[in-house]
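Below: the structure, in structure tokens.
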Amino acid sequence: MEPGQRRAVVRAVNQWYAHTARDLPWRRVETSPWAIMVSEFMAQQTPVARVVGPWREWLDRWPTPDSLAAEPSSAAVAAWGRLGYPRRALRLHAAATAVRDHFGGEVPHSVEELRQLPGVGDYTAGAIASFAFGARALVLDTNVRRVLTRLDVARQFPANSTTAAERHLAMGWLPDDAPTASRWAQASMELGALVCTAANPACDECPVRADCAWLAAGRPAHDGPPRRTQAYAGTDRQARGTLLGALRTTPEGFEVSVLLQHWPTDPAQASRALDGLLSDGLAHREGTRVIL
DNA sequence: CAGACGTGGGC
DNA sequence: TGCCCAAGTCT
């Protein structure tokens with residue numbers, strides 16, 4: 001797409017965002033960088049709507065990185081509740097500790113520094129830099145990838161993993177000035193979340209439907225390699241989730257031998273789940289018992 | 001680079 | 001009813 005048309009599309013999407021965006025609590029101007037960082041950790045692979053409640057409770061309890069770092073990581077895992085991927089709680093706790101120990105308790109501004117924090121990858125570093133500090137940073141999440149793939153590549157879905165070509169394309173879309181770039185990052189994500197969705201995109205309501213290459217091509221179906229899916233039922237992951245869920249609601253934990261004996265399915269799987277949780281630091285041994 | 005890693009809502 | 005999918009990161 002030509003630069004001029006690209007700028008017009010950015011303008012249209014940003015304008016759409018101004019009157020359509022959801023009123024997510026961490027989008028309020030007074031939100032601290034730490035609070036935005038927490039929202040980004042919680043939103044990794046988790047629908048944003050499910051994050052709002054836990055996010056409020058988390059910040060109520062730990063309003064600063066220092067306050068979280070002062071507690072054991074098990075408190076973070078317990079407070080994570082049922083958000084899923086509980087190792088994110090561990091990483092958020094480790095990140096808070098790193099902020100305290102290496103950045104004077106203040107969330108760093110630069111992508112390079114942010115990137116050093118546990119649990120902060122390319123996406124999250126860019127998101128914090130952009131949303132918390134208004135920087136011009138690449139924010140390439142699943143929504144933006146899909147939006148740009150449709151808009152500018154005329155394909156239904158992006159590749160299974162982010163490619164260098166995609167990053168290059170996204171850089172070309174990033175407006176020159178920081179405030180517009182920051183707004184574009186949020187607006188393009190929102191467009192992907194609300195309109196340009198994976199299933200049943202609402203092209204009729206899209207503010208840039210006239211500029212979309214995929215729509216112009218007649219919305220051709222995906223034809224690349226099969227998209228990655230996730231099996232869950234019966235997997236070790238499910239067993240870990242079940243075990244951790246029980247530990248979360250049972251502060252005194254369980255006798256290991258009893259636990260393994262009463263496991264409803266394959267005992268070997270229970271053993272793997274337990275070992276995994278222990279080695280990941282999500283659960284702990286206390287004599288012959290397991291606790292959070 | 002493929003695979004591991006939770007959980008729940010929508011269709 | 002299952003399958004798809006969600007503001008990814010790490011190994």
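Be aware that the first sequence starts at 1, since it is given in the UniProt record's numbering, and climbs by one per residue. Where is the CB? At the ideal position from N, CA and C, for every residue including glycine. All of these numbers come straight from a predicted model, not from anything done at the bench.
From residue i to residue j, what does the alpha carbon distance come to, in whole angstroms?
i	j	result
Q238	Q269	10 Å
R6	W173	7 Å
S39	P108	16 Å
V77	L59	15 Å
residue 307	A98	Lying outside 1 to 292, the shown extent of the chain, residue 307 is not represented and no answer is given.
A135	S182	6 Å
S277	A283	The displayed chain sequence assigns Leu, not Ser, to residue 277. Those two C-alpha atoms are separated by around 5 Å.
L140	Q45	14 Å
G81	E166	35 Å
S22	P267	Here the sequence assigns Arg to residue 22, which means Ser is not the residue at that position. Their backbone Cα atoms lie some 46 Å apart in a straight line.
A35	T265	40 Å
G27	G245	Note that residue 27 is Arg in the sequence shown here, rather than Gly. Distance between the alpha carbons of R27 and G245 is about 31 Å.
D204	A198	15 Å
D280	R289	17 Å
E71	M37	18 Å
E106	E252	35 Å
L260	D177	58 Å
residue 329	A231	No answer is possible for residue 329: it lies beyond the span of the chain, which begins at 1 and ends at 292.
T180	W55	27 Å
M90	S257	Correcting the residue identity first, residue 90 is Leu in this sequence and not Met. Looking at the two C-alpha atoms, the distance is approximately 26 Å.
According to DSSP, simplified to helix, strand and coil, what is residue i?
i	result
H109	coil
H284	strand
V290	strand
T197	coil
S39	helix
Q15	helix
M1	coil
L215	helix
S32	coil
C203	helix
V208	coil
W26	helix
R228	coil
A21	coil
W58	helix
A270	helix
How close, in whole Å, do the beta carbons of residue i and residue j come, if the pair is a contact with beta carbons under 8 Å?
i	j	result
D211	V9	5 Å
A187	N14	5 Å
G192	V144	6 Å
V48	L24	7 Å
L243	L292	In fact, because the Cβ distance is near 11 Å, the residues do not count as touching under 8 Å.
A129	V111	5 Å
R100	D66	5 Å
Can you name, in chain order, every residue of its own chain whose Cβ lies under 8 Å from the Cβ of residue i, other than the five neighbours on each side?
i	result
T163	none
W184	V10, V13, N14, W173, L174 and P175
F103	E113
Once the 5 residues before and after residue i are set aside, which same chain residues still bring their CB inside 7 Å of it?
i	result
A95	L117, P118, G119 and V120
F157	R146, T149, H222 and R227
L68	W62, A76, H93 and A96
Which residues in the same chain have their Cβ closer than 6 Å to the Cβ of residue i, if we skip the five residues on either side of it in sequence?
i	result
R155	T149
V51	M42 and A43
A202	V195
T124	E40
A217	A154
Report whether the distance from the Cβ of residue i to the nearest heavy atom of the ligand ATP is below 8 Å.
i	result
V139	The model on display carries no ligand, and the ligand ATP is accordingly not part of it.
If we require 3 or more residues per run, which beta strand (DSSP E) segments fall completely within the region 231 to 268? none
Could I get the ranges of all uninterrupted alpha helix (DSSP H) runs contained in the region 98 to 186, with 4 residues as the minimum, in chain order? 111 to 115, 122 to 133, 142 to 153 and 164 to 173
To test your reading of the DSSP string, which unbroken alpha helix (DSSP H) runs of 4 or more residues are found completely within the region 64 to 99? 65 to 69 and 73 to 80
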